[in-house]
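Numbering (my numbering), first residue to last: 419 to 582.
In this text, a Cβ means the ideal position worked out from N, Cα and C, and glycines have one as well.
All values derive from a computational prediction rather than experimental measurement.
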Amino acid sequence: MFIESIDKAQTFHNNTKSFQLLSFFIAMVFALSLHPAKAHAQIIGQLEVTVPFQFYAGNAKLPAGKYTLRMLDNSDLQTMEISTPDGSTSALFEVENAESNTVPPKNELIFNKYGNRYFLAKIFDEGNPDGSKVPESQYEKRVSQATQEAQEHVPAYHQEQQGR
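Structural data, given as structure tokens:
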């Protein structure tokens, strides 16, 4: 009788432990589904910008002028294209997730400036602290070692925002 009681208690304890583990696992799966990982590179649609100076986007050297930026299709949000409106000049460059400490009040491109050289560094959509960051090229790394860095902010627009 005493041994039967001990066996029942141990069986009950094992079942309770299994139930607790299963409950914990289900709760974790549910919690992770409610709070998915952050999406990568939050630039939506096309941005139009007029850059008033010659600059680098990744490894490409581009002249001052009007450009359209867009995320390349099927690139897993890791490659952007910058091109002139007529398509005569274009370049592809890699991007990574970037996060702003504040919510950007407008769409903008941020350039690192070393002397008279400008390098596209970050891209943000208005109202969204998640944007895109352009990794430093080897050339930018060399230039940055010889010159003090500054930043230049250039406003950008979605096509439907023209005229604001």
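If you draw a straight line from the alpha carbon of residue i to that of residue j, how long is it in whole angstroms?
{"i": "A583", "j": "A509", "result": "Outside the shown range of the chain (419 to 582) lies residue 583, about which nothing can therefore be said."}
{"i": "P573", "j": "E526", "result": "4 Å"}
{"i": "A516", "j": "T507", "result": "26 Å"}
{"i": "E578", "j": "E466", "result": "10 Å"}
{"i": "T502", "j": "M489", "result": "15 Å"}
{"i": "V469", "j": "Y485", "result": "8 Å"}
{"i": "E512", "j": "I461", "result": "13 Å"}
{"i": "L487", "j": "P553", "result": "16 Å"}
What is the DSSP secondary structure of residue i, reduced to helix, strand or coil?
{"i": "K559", "result": "helix"}
{"i": "K456", "result": "At K456 the pLDDT is 43, less than 50, meaning the model places this residue with poor confidence and gives no usable figure here."}
{"i": "E578", "result": "helix"}
{"i": "L450", "result": "At L450 the pLDDT is 48, less than 50, meaning the model places this residue with poor confidence and gives no usable figure here."}
{"i": "A482", "result": "coil"}
{"i": "N546", "result": "coil"}
Verify whether the separation of the beta carbon atoms of residue i and residue j is less than 9 Å.
{"i": "E570", "j": "Y474", "result": "no"}
{"i": "I541", "j": "G549", "result": "yes"}
{"i": "A587", "j": "N530", "result": "Past the edges of the chain, shown from 419 to 582, lies residue 587, and the structure says nothing about it."}
Which residue marks the beginning of the beta strand (DSSP E) containing residue i, and which one marks its end?
{"i": "V467", "result": "Q464 to V469"}
Q | Given 8 Å, three or more beta-carbon pairs between the segment 518–534 and the segment 496–503 | A | no
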